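Our numbering puts the first residue of the sequence shown at 8, with every later residue one more than the last.
Just so you know, even glycine gets a beta-carbon here, dropped at the ideal spot from N, CA and C.
All of these numbers come straight from a predicted model, not from anything done at the bench.
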Amino acid sequence: MCGIVGCILKDKEKHVAPILLECVKNLDYRGYDSVGIATIDGKIYVKKDKGKIPEVDEKLNLADMPGNFGIAHVRWPSTGIANKVNAHPQLDEGNGIAVVHNGSLKNYNELKGELVADGFKFKSTTDTEVIPHLIRKYINEGLDLEHAFRKTIERLDGSYAIAVISKDENNKILATRHQSPLKIGISDDAYFISSDVPAIIEYTRNIILPSEGEIIILDENGVTVHDEYDNEVKKEICVIPWTAQMASKGDHPYYMIKEILEQDKAVEFTLGERDNIQKIIDDLGNIKNICFVACGTSYHASLTGKYLIQHFAKIKTDVVLASEFKYSADTLDEETLVVFISQSGETLDSINALRIAKETSPTLAIVNTEGSAMTEEAKYTIVTQAGPEKGVAATKTYIAQLTAIYLFTALLTKNHDLIKELDKVPNYIREVLEKSEEIEVLSKRYSFAEDLFYLGRGFSYPVALEGALKLKEISLIHAEGYASGELKHGPLALINHRVPVIVILPPGTDYDDTMTNLEEVKSRKAIILSICAEGDNKAECKSKDIFTINPEVNEIIAPLVYTVPLQLLAYYVTLEKGHDPDKPENLAKVITV
Ligand code: G6P
């Protein structure tokens, strides 16, 4: 994914480039393959290149650019490889218009063909480059910048958050969004636009949420927003409850470890959403089916939701990947609650599915980002209280999603015992975190592996899937999560003395069956690491290594606690392999294409 920022300082004497640089540094979880900044001071100044921000900054000194306003971009390529020419900002031929863009244009080939026929010359292989050329074309036809921008947007098919500056009208930044996130920030001495709040939180917590298709104009006097018919729209300013400190790494070497260590709090704060969740339940009426829809880690939270709802509420529950959702859409009705889970609230596949679902069914979005696109689209919203998460691999937002689903289930079924159990979870998590050094030691023994399997059954099956996903996305080791009963239907063929198997073995009704599966891999000489209860002598005898958890954590509540050592294992193995856990290869935190 990409991230865009724009800033205009009220004081014309000040330089905006150092601020833009800080903002894109805070946005680099959205893309870290290239970075670029454009400012205006009589003419457009551009510095951009392929590479992570510190590398490019060292080479180009990005903060050293004149002008009190400009735009900036971090790139995770979707159209056109990562190189200097494809880095944003993209410019028109005369370097008079600069554009940054997050999203993906479906019709760029057609537009490019038309522009080339008109004599425009393209330098990059990005879809974005059509935008500055189109704006230039309409300015050449006699329109001013704003109307040329409007006309350009009418031509675009796809997703976009765009910001534009022009040397001919060098007092403003124009921006808009369609299916890609964009926020407006207002501080005492500057106005911002940004793909996400953490990028600008150091400067302001006063945020305006523009709607799709609105045109935003920032100048030294303020922010104006117009609708598609050019009428001015009055927007409310909301104060975001996050702080700059919450979004910073603090003394930790990586965001991921900071975020893992915050998980007890993420549970505690999300349990505080009880009244809101109760109101939603009271309003829901008769629900006969539930369908969860999500991607990635949020899909694993959804799978846990299915086990929970079916176990406690006896409501038939499906789980569908957002990108596959349209194939299930015809089975929906008004008695099916469709629950969308997303840390960002901006994943395009999930938003597209939500738009389909809301035609027929009540919808609930469980997101970690207040004001994200999914909160605008869904009928009901639960905001998980994990605080800002910047590590690309989701950790605390996942545990917060699980907490919200457990709390929803407990309130739906008036299960006071489950609520009491949930209140104990922060302590169970703290107990695991206090033993994180044990995992650090274990990671040295397991980082040699080229393939790993994670096994779990019932409530522990999604835990196995999530453990494997965490490891593969950041350590780049191949790992697979499996329902342990399925082992004999394929993966057993791959088990040998070089393959570690991590077994999720909490106490409960599934214990004996999972133990049988553990023995199956043991007899194929697998190296077994069991995550099990303290005092589980059987697991200790049969495993090479164990990591133990408070025995009061039974299989039902286990996903909230047993996931934590697996996150730590992924983190420490990644460090052992010499990779950056915050910035995995080819991945980004928010997928808006
Ligand atoms: C990306 C992120 C994952 C996340 C997934 C779904 O792949 O790297 O961490 O689980 O998107 O994102 P969402 O914001 O919808 O939860």
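Confirm the yes/no value for this check: CB of residue i, any heavy atom of the ligand G6P, distance under 7 angstroms.
i, result
"GLY312", "no"
"ASP584", "Before going on, a small fix: residue 584 reads as Lys here, not Asp. False, no ligand heavy atom lies under 7 angstroms from that Cβ."
"GLY1", "With the chain covering only 8 through 600, there is no way to say anything about residue 1."
"GLN3", "Residue 3 lies beyond the residue range present for the chain, which begins at 8 and ends at 600; the question has no answer from this structure."
"SER166", "no"
"LYS596", "yes"
"ALA401", "yes"
"SER85", "no"
"GLN392", "no"
"GLN350", "yes"
"ALA124", "no"
"THR304", "yes"
"THR370", "no"
"THR354", "yes"
"SER467", "no"
"SER187", "no"
"ALA301", "yes"
"SER482", "no"
"SER111", "no"
"SER357", "yes"
List the residues that DSSP assigns as beta-bridge partners of residue i.
i, result
"LEU512", "CYS539"
"LYS32", "In DSSP, LYS32 forms no bridge with anything."
"PRO614", "Residue 614 lies beyond the range of the chain shown here (8 to 600); nothing can be said about it."
"HIS185", "TYR167"
"HIS108", "ILE169"
"LYS119", "The partner list for LYS119 (beta bridge, DSSP) is empty, contrary to what the question assumes."
"THR376", "DSSP lists no partner for THR376."
"CYS14", "GLY77 and PHE199"
"ILE553", "SER537"
Are residue i and residue j touching if we call contact CB-CB under 8 angstroms?
i, j, result
"ILE169", "VAL230", "no"
"THR570", "GLU473", "yes"
"LEU118", "ARG162", "yes"
"SER368", "GLU341", "yes"
"VAL510", "SER537", "yes"
"ALA308", "PHE347", "no"
"ALA329", "ALA360", "yes"
"ILE598", "LEU355", "yes"
"ILE244", "ALA182", "no"
"LEU635", "GLY77", "This structure leaves residue 635 out entirely; the chain is present only between 8 and 600."
"ASN434", "ALA407", "no"
"GLU280", "ALA411", "yes"
"PHE299", "LYS313", "yes"
"THR133", "THR86", "yes"
"HIS671", "ILE11", "The structure shown has nothing for residue 671, since the chain only spans 8 to 600."
"ASN202", "LEU34", "A small correction: the amino acid at residue 202 is Ser; Asn does not occupy that position in the sequence shown. Yes; because the gap between Cβ atoms is below 8 angstroms, this pair is in contact."
"ASN90", "MET8", "no"
With DSSP run on the structure shown, which of helix, strand or coil describes residue i?
i, result
"CYS548", "helix"
"GLN574", "helix"
"GLU447", "helix"
"GLU20", "coil"
"VAL560", "coil"
"PHE129", "coil"
"LEU152", "helix"
"THR416", "helix"
"LEU582", "helix"
"LEU371", "strand"
"VAL390", "strand"
"ILE598", "coil"
"LYS179", "strand"
"THR402", "coil"
"THR277", "helix"
"GLU136", "coil"
"GLY497", "coil"
"ASN293", "coil"
"LYS431", "helix"
"ASN593", "coil"
"ASN283", "helix"
"GLY257", "coil"
Taking CB distances under 8 angstroms as the criterion, tell me whether residue i reaches chain B.
i, result
"ALA24", "Checking the listed chains, one finds no chain B in this structure; it contains a single protein chain."
**Message:** What ranges does the beta strand (DSSP E) occupy inside the stretch 454-490, keeping only unbroken runs of at least 3 residues that lie completely in it?
**Reply:** Here the runs fully enclosed are 458-463 and 485-490.
**Request:** Please specify which runs of the beta strand (DSSP E), each continuous and at least 3 residues long, are wholly inside the stretch 37-98, giving them in chain order.
**Result:** List check, beta strand (DSSP E) in window: 41-48, 50-57 and 76-82.
**Asked** Mind pulling the beta strand (DSSP E) runs of 3 or more residues that sit fully within the stretch 296-365?
**Response** Here the runs fully enclosed are 296-301, 323-328 and 343-349.
**Asked** Curious, which full-length beta strand (DSSP E) runs of at least 3 residues does the stretch 187-254 contain?
**Response** As far as the stretch 187-254 is concerned, its whole beta strand (DSSP E) runs of at least 3 residues are 190-193, 197-201, 213-215, 222-226 and 229-233.
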